[in-house]
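In my numbering, the protein residues as written are 75 to 583.
Yeah, the Cβ is synthetic: ideal placement off N, Cα and C, and Gly gets one too.
The structure displayed is predicted, hence computed values, not measured ones.
Worksheet: one structure, shown below.
Set out below in structure tokens:
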């Protein structure tokens, strides 16, 4: 799915000055020259190099493109950064595609010339996962079309953000079943990692609610895949960290949307009780959304907890009954309890005002060495207590938060979304915001993240791969466990030259 830009405007801008016209394999650099007018589908593989009309025989002409290939310092600097603001790998070019054919052409061209490639959506990675040193970045943001909303599915471009998707589907009384808490992430980005949220205990991850994908493989093949069509590729792309293909569109499952929700914030003073109540809610399904936070006291010790739970109203569910919903829960009734009715989109987009405030204050550009771990449920109390104790007295920073909430294993079907082998695993996410003026503190935080991950892994846990945990190929092999052999086979089949997403460091270079 793709919204076509004004081709004449794009080409006029190139014709006004120098454009990228070729790649020099000897110097591994792009060659600029007078931009040439061009037409065609963008499917050239660069084989017209050395035809006497441009670069010398040692240089390969770039394919004909509907979009633009950027090599200016500002574009390269932006592509060498992400939301983490910790890792900086500078590419040699950035593709802003004008069509899916541009992606096909440039991936094929990159294969011929062994140029590594990474797809970049909203740049919300925290550890350079969507960066590539000396390679090509493919921006997916232009792929933001939202197709016709059907009775139970919608096909959207990989660059569409979830806020736009749900606004489009709500016009038809429908919604995707699962959302991350922050809605301004791209569809392609979250499907590459999994897409967990408060609805996951009932609806699985976002990757569990995809019926088909259109992708460009590492060999430059445009493929539609699903659970019944090229199923090995479908399994390798969903939560596959961009290793086998670039997602260009996805068909998402839709369900009836509520018009309003009943939203609760319930305080707890005991970790074990908090986790037990979350587990009960994950298993009995009385709430459509269940999350929670660990809250530091005045000294920075995590001694309080808040359970966040939401019940959907009609037409997605019955009229919420507070008495029935809260029955049996052992929250602290002397503490501050919130019970309010919100519009459905207002609930989904509740972080927007806080994010805007952080952006206005310049704090969005601080470093974010996030820690995202999946704990086995039978050891969740022990592990989360030990990990939170290590954070006592440490300021999480402006907007920082420690999330702790349950999933249900039986709802998580995607092979590459690796979760502990436990009926109710928990996500522990420590979302740091640190001052970039203190790089030593940031480096120390990353090192501690790695140590905490090792502790959790030894106990049967995994990492949810959106955070800042340095990983080796051996670490990934262990993470994927029994899914590794099929994943590695798909990598060999669909990205035989190892071009895609090297920043993840999943497979040896």
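- Judged by beta-carbon spacing, residue 480 lies within the 8 angstroms limit of residue 364, meaning their Cβ atoms are closer than that value.
- Using a Cβ-Cβ distance cut-off of 8 angstroms, the region 252-268 and the region 312-321 are in contact, since at least three pairs of beta carbons, one from each stretch, lie closer than that value.
- DSSP, reduced to helix, strand and coil, places residue 220 within a strand of the structure shown.
- Three or more Cβ pairs drawn from the region 189-205 and the region 567-575 lie within less than 8 angstroms of each other, which places the two stretches in contact.
- Note on geometry: alpha-carbon atoms of residue 465 and residue 503 lie some 12 angstroms from one another.
- Relative to the Cα of residue 455, the nearest Cα in the group 486, 436, 530 and 484 belongs to 530.
- Bridge partners of residue 468 according to DSSP: none are assigned.
- In the three-state reduction of the DSSP assignment, residue 376 falls in the strand class.
- The Cβ atoms of residue 404 and residue 351 lie closer than 8 angstroms to each other.
- Within the region 350-428, the runs of alpha helix (DSSP H) at least 4 residues long that lie entirely inside it are, in chain order, 396-400 and 418-422.
- The count of Cβ pairs closer than 8 angstroms, one atom from the region 269-288 and one from the region 298-315, reaches three, so the stretches are in contact.
- Residue pairing by DSSP places residue 334 opposite 417 in a beta bridge.
- The way I'd put it, the region 161-180 does touch the region 134-149; three or more beta-carbon pairs between them come closer than 8 angstroms.
- Leaving aside the five residues that flank residue 422 on each side, the residues in its chain whose CB is nearer than 7 angstroms to its CB run, in chain order, 240, 253 and 257.
- Excluding the 5 residues flanking it on each side, residue 386 has same chain C-beta neighbours closer than 7 angstroms at 332, 335 and 362, in chain order.
- Between residue 280 and residue 272, the C-beta spacing is not below 8 angstroms.
- Setting aside the 5 residues that flank it on each side, residue 189 is surrounded in the same chain by 209 and 210, each with a C-beta closer than 6 angstroms to its C-beta; the list follows chain order.
- Taken through DSSP and simplified to helix, strand or coil, residue 253 comes out as coil.
- Taking each of 490, 567, 569 and 103 in turn and checking the Cα distance to residue 558, the smallest one comes out for 490.
- Scanning 517, 395 and 99 for the CA closest to the CA of residue 134 turns up 99.
- A straight line joining the alpha-carbon of residue 397 with that of residue 509 spans about 45 angstroms.
- For residue 294, the CB contacts under 7 angstroms within the same chain, skipping 5 residues up- and downstream, are 178, 181, 182 and 185 in chain order.
- Here residue 261 carries a helix assignment [DSSP, helix/strand/coil].
- Counting other Cβ atoms within 10 Å of its Cβ, residue 374 stays below 16 and is therefore classed as exposed.
- Note that the C-beta distance between residue 248 and residue 231 is not below 8 angstroms.
- As computed with DSSP, residue 342 is found in a beta bridge with 379.
- Here the C-alpha atom of residue 151 lies approximately 7 angstroms from the C-alpha atom of residue 164.
- Take residue 496, set aside five residues on each side of it, and the residues of its chain with a beta-carbon closer than 7 angstroms to its own are 450, 451, 452 and 483, in chain order.
- Under the three-state reduction of DSSP output, residue 271 falls in the coil class, being neither helix nor strand.
- Residue 420 sits exposed, since fewer than 16 C-beta atoms from the chains shown fall within 10 Å of its C-beta.
- If you ignore the 5 residues before and after residue 564, its C-beta comes within less than 7 angstroms of the C-beta of 306, 307, 310 and 318, all in its own chain and listed in chain order.
- Closest option to residue 384, judged by alpha-carbon separation, among 435, 472, 415 and 94: 415.
- DSSP places residue 554 within a helical segment (H, G or I) once states are collapsed to three.
- Taking residue 274 as reference, the option from 235, 417 and 500 with the minimal CA-CA separation is 500.
- In the DSSP assignment, residue 213 forms a beta bridge with 194.
- Straight-line measurement puts the Cα of residue 477 at about 12 angstroms from the Cα of residue 376.
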